[in-house]
Amino acid sequence: MNVELITREDLRQFKTELLEEFKTIVSKAKPSPHGRWLKSAQVRELLKISPGTLLNLRVNGHLRYTKVGGSFYYQYEDIELMLAKGPSKKR
Numbered sequence: 042m043n044v045e046l047i048t049r050e051d052l053r054q055f056k057t058e059l060l061e062e063f064k065t066i067v068s069k070a071k072p073s074p075h076g077r078w079l080k081s082a083q084v085r086e087l088l089k090i091s092p093g094t095l096l097n098l099r100v101n102g103h104l105r106y107t108k109v110g111g112s113f114y115y116q117y118e119d120i121e122l123m124l125a126k127g128p129s130k131k132r
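Residue 50 in our numbering sits at position 9 of the sequence shown; the count goes up by one each step and never skips.
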C-alpha cells in the first residue's frame, strides 16, 4: 500500500490554486446589470410601462414569466430578447 502524507503547506497551495480557478471562472461570467430575475415592479420601471401594459405582454406571450406564490418574475435576458425583436406588427 502506497501512503502519501499531505502537509499544511500542500493544503495552502491547493487552496490558492482553487481560489485562482474560481476567480478566473467568475471573471469570465457576464453579469447582467439587474441580476438574473426581475420582479414586476423592476420590469415596469426598466421599461417605463404601466402594470396593464406588462399584463398585456404576459398575456399575449411577448414576455415569458415565472409565477412564484403571488409574484411574477422575469428573466433579464428575455427582456433584452423582446426589445431586440422590435415592435410587433399591428393587425
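For glycine and all other residues, C-beta sits at the position ideal for the given N, C-alpha and C.
Beta-bridge pairing by DSSP links residue 112 to 109.
Taking the CA atoms as reference points, residue 111 sits about 51 Å from residue 51. Residue state for residue 64 is assigned as helix, using DSSP reduced to three classes. In the three-state DSSP reduction, residue 79 falls in the strand class (E or B). Residue 120 is classed as buried because its beta carbon has at least 16 other beta carbons within 10 Å across all chains shown.
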